[in-house]
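Chemist: Submitted below is the structure of interest, expressed as structure tokens.
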Amino acid sequence: MPEVKLIPEKWVDRYGDYLFNFTISRVNDSIMAQDLVSETFLAGLKSAHRFKGQSTERTWLISILKRKIIDHYRKSNSKKGQAEVRMSYLDNNDQNGDWMEEQVRDLRNPNVEDEIEQKELGVALNECIAALPERYATIFVQKTIDKLDTETICKEHDITASNLWVIIHRARVQLMDCLNSKWYKKD
């Protein structure tokens with residue numbers, strides 16, 4: 001495998017959204033997710049000298065982030081008087097594996113219901129993006145869908161990187177509220 005060199009100054013642009021989305025799906029708290037991603041970047045900087053190049057930057061950062069998430073739950077549980085982290089476990093005798101991760105559908109081989117569900121979600125998402133304030137919608141699409149870099153978006157809209165992340169955060173909150181009413185809570 002060719003040697004992989006860390007480029008910390010590009011981490012936020014390259015991996016910030018991915019790490020945030022990875023985290024928010026596990027902690028369901030956007031402020032905590034932002035904190036954990038920030039802690040991950042800081043830990044990455046502090047331990048960069050130990051990076052051996054045996055994986056990609058993203059994989060390495062995800063492994064750090066997973067430990068941060070586990071630590072978060074350990075601290076949270078210990079404050080509640082519980083000292084353990086619980087894992088999801090399916091009680092069956094399948095020899096191919098009992099852990100939840102191994103029971104998830106293979107999204108590379110969707111069935112007809114998956115395709116219909118994806119189209120319906122796409123329609124709901126487009127409606128929710130259209131319902132955002134125009135500036136939020138434009139910036140959200142540029143950053144998350146068009147994958148424009150932070151610097152380009154900031155120059156185009158004459159905003160700072162901090163303003164950009166606040167707008168993205170607010171857009172995500174509004175999108176989640178909208179999707180909860182249009183998609184997730186459908187009968």
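Mapping of the sequence shown onto full-length UniProt numbering: residues 1 to 187, in sequence order. Built from N, CA and C at the ideal position, the CB exists for glycine as well.
Could you check whether the stretch 67-77 touches the stretch 25-35, counting it as contact only if at least three pairs of C-beta atoms, one from each stretch, sit closer than 8 Å?
Modeler: Verdict: yes, contact present.
Chemist: If residue 214 and L6 are in contact, beta carbons under 8 Å, what's the gap, nearest whole angstrom?
Modeler: With the chain covering 1 to 187 only, the question about residue 214 has no answer from this structure.
Chemist: Going by DSSP in three states, P133 sits in which element: helix, strand or coil?
Modeler: Of the three classes helix, strand and coil, the one that applies to P133 here is coil, per DSSP.
Chemist: Is the beta carbon of L179 closer than 8 Å to that of C128?
Modeler: Yes; because the gap between Cβ atoms is below 8 Å, this pair is in contact.
Chemist: Among residues of its own chain, excluding the 5 on either side of P8, which ones have a beta-carbon nearer than 8 Å to its beta-carbon?
Modeler: Here the set comprises F41, G44, L45 and A48.
Chemist: Closer than 8 Å by C-beta to N126: which residues in its own chain qualify, once you throw out the five before and the five after it? Chain order, please.
Modeler: Same-chain partners within the cutoff: there are none.
Chemist: Thinking C-alpha only, which one of A124, L61 and I69 is nearest K182?
Modeler: Out of A124, L61 and I69, A124 has the C-alpha closest to the C-alpha of K182.
Chemist: Between which two residues does the alpha helix (DSSP H) containing D148 stretch?
Modeler: Just to set this straight, residue 148 is Leu in the shown sequence, not Asp. No alpha helix (DSSP H) contains L148, which DSSP labels as neither H nor E.
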